[in-house]
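Student: Under our numbering, the first residue of the sequence shown is numbered 82, with each subsequent residue one higher.
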Amino acid sequence: MIPFARRPLPGSLSTSLAARTRQLSGSTSPYQDARKAWKTATTTRRGLKTHLCVSCARPAFCMYCHESRGTDVDHYEPIRRAPLRTFVWDNHLLACAYCNQQAKQEVFPLDGNGQPLLLDPSVDDSADHMTLLSTGVFEGLTTRGAETIEVLGLNKRPELVRARTVSWRGVVRVFDQAALHGGVLTPNDLEDLRFLPVVDAFHHFAHDVVAGRLGFKGVRPHVVTSADANLAVIRGLFPACRL
Numbered sequence: 082m083i084p085f086a087r088r089p090l091p092g093s094l095s096t097s098l099a100a101r102t103r104q105l106s107g108s109t110s111p112y113q114d115a116r117k118a119w120k121t122a123t124t125t126r127r128g129l130k131t132h133l134c135v136s137c138a139r140p141a142f143c144m145y146c147h148e149s150r151g152t153d154v155d156h157y158e159p160i161r162r163a164p165l166r167t168f169v170w171d172n173h174l175l176a177c178a179y180c181n182q183q184a185k186q187e188v189f190p191l192d193g194n195g196q197p198l199l200l201d202p203s204v205d206d207s208a209d210h211m212t213l214l215s216t217g218v219f220e221g222l223t224t225r226g227a228e229t230i231e232v233l234g235l236n237k238r239p240e241l242v243r244a245r246t247v248s249w250r251g252v253v254r255v256f257d258q259a260a261l262h263g264g265v266l267t268p269n270d271l272e273d274l275r276f277l278p279v280v281d282a283f284h285h286f287a288h289d290v291v292a293g294r295l296g297f298k299g300v301r302p303h304v305v306t307s308a309d310a311n312l313a314v315i316r317g318l319f320p321a322c323r324l
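Right, dumping it as structure tokens:
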């Protein structure tokens with residue numbers, strides 16, 4: 082999950098969301114009314130999806146798995162739990178049908194203090210809470226990371242694990258080739274990195290560069306050196322990350 086910065090909404094969309102939230106605030110059956118209002122808010126949903134598509138780290142892709150196209154406007158905090166946040170911009174994310182409808186659904190785990198355990202890519206950097214192994218499997222570094230991996234089934238989808246493995250190898254290959262040609266990333270290299278099957282693999286690779294973890298993941302020294310030399314470029318590709 083690559084962090085992203087929420088862009089300001091167009092005025093008409095912001096006004097629509099605020100008006101719908103006010104309507105729900107006086108409801109005596111907020112959950113039922115929120116579900117009905119969301120289902121019929123076709124224009125609002127379309128506007129949100131369009132805005133989310135250009136806001137995410139890889140345009141139009143799922144903000145959770147980064148492997149599939151984003152098809153749904155997901156409520157980070159589910160409607161059943163927080164019906165009054167149905168039309169609140171900070172509660173909307175772009176998700177693929179699998180992450181939204183089959184994996185996450187209305188699951189929203191909390192810690193002992195009532196704080197969310199599920200990571201929010203508009204607030205959290207997943208690399209602070211999980212690490213990607215060269216096998217394409219995520220390993221939790223914190224309770225929040227482990228819960229997010231479980232809720233979204235990030236290690237349970239063979240095709241997703243495979244795509245991350247291929248992407249990891251693709252990142253290593255780019256820096257391997259860069260090392261053989263003066264160490265500088267070319268425009269073609271940058272394009273290859275931007276259009277990996279799962280760009281999140283590069284995101285986690287970038288954090289491993291900063292943390293000095295690449296050597297422990299079997300990455301050869303000359304590739305590590307190549308990545309270190311291009312750290313400024315890497316940082317520029319992930320502006321919302323704390324690299």
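Ideal Cβ placement from N, Cα and C applies to all residues, glycine included. Please read these numbers as outputs of a predicted model, since none were measured by experiment.
What would DSSP say about Val204, mapped onto helix, strand or coil?
Tutor: DSSP places Val204 in coil when its eight states are reduced to three.
Student: Where DSSP assigns a beta bridge to Pro197, which residues make up the other side?
Tutor: According to DSSP, Pro197 bridges with Leu191.
Student: So, with DSSP's three-state summary, where would you put His173?
Tutor: In the structure shown, His173 sits in a strand (DSSP, three-state: E or B).
Student: Mapping the DSSP letters down to three states, classify Arg150 as helix, strand or coil.
Tutor: Looking at Arg150 - three-state DSSP - the assignment turns out to be strand.
Student: At a cut of 8 angstroms, does the region 273–282 reach the region 178–196 through at least three beta carbon pairs?
Tutor: Contact fails: fewer than three Cβ-Cβ distances are below 8 angstroms.
Student: Just verifying my parser: in three-state terms, what is the DSSP assignment at Phe142?
Tutor: If DSSP states are grouped into helix, strand and coil, Phe142 belongs with the strands.
Student: Please look up how many angstroms separate the CB atoms of Thr358 and Leu199, rounded, as I've assumed it's under 8 angstroms.
Tutor: Past the edges of the chain, shown from 82 to 324, lies residue 358, and the structure says nothing about it.
Student: I'd like the span of the beta strand (DSSP E) that includes Thr212, first residue to last.
Tutor: Thr212 -> beta strand (DSSP E) spans 211–213.
Student: Thinking C-beta only, is Val290 closer than 8 angstroms to Ala308?
Tutor: Contact flag set, yes.
Student: Name the DSSP beta bridge partners of Glu220, please?
Tutor: Glu220 pairs with Thr212.
Student: Val304: which of Val255, Ser97, Ser95, Cys146 sits nearest, CA to CA?
Tutor: Of the candidates Val255, Ser97, Ser95, Cys146, the one whose C-alpha sits nearest the C-alpha of Val304 is Val255.
Student: Can you check whether the CB of Leu133 is closer than 8 angstroms to the CB of Leu175?
Tutor: In this structure, Leu133 lies closer than 8 angstroms to Leu175 by Cβ.
Student: How is His375 classed by DSSP in three states: helix, strand or coil?
Tutor: Since the first residue shown for the chain is 82 and the last is 324, residue 375 is missing from the structure and cannot be characterised.
Student: Would you decide whether Thr109 is buried or exposed? Buried here means 16 or more other CB atoms lie within 10 Å of its CB.
Tutor: It counts as exposed.
Student: Can you check which of these residues, Ala122, Gln258, Arg87, is closest to Ser97 by C-alpha distance?
Tutor: Residue Ala122 is the option with its Cα nearest to Ser97.
Student: Would you check if there are 3 or more beta carbon pairs closer than 8 angstroms linking the region 152–170 to the region 240–255?
Tutor: Judged by Cβ distances under 8 angstroms, the region 152–170 makes no contact with the region 240–255, as fewer than three pairs qualify.
Student: Just the C-alpha distance for Arg162 and Ala313, rounded to the nearest angstrom, thanks.
Tutor: Distance between the alpha carbons of Arg162 and Ala313: 42 angstroms.
Student: Can you check the region 232–295 for any alpha helix (DSSP H) of at least 4 residues that lies completely inside it and give the ranges in chain order?
Tutor: If we require 4 residues or more, the alpha helix (DSSP H) runs fully inside the region 232–295 come out as 239–261, 268–275, 281–292.
Student: Which stretch, first to last residue, makes up the alpha helix (DSSP H) that contains Leu105?
Tutor: Segment 92–106, the alpha helix (DSSP H) holding Leu105.
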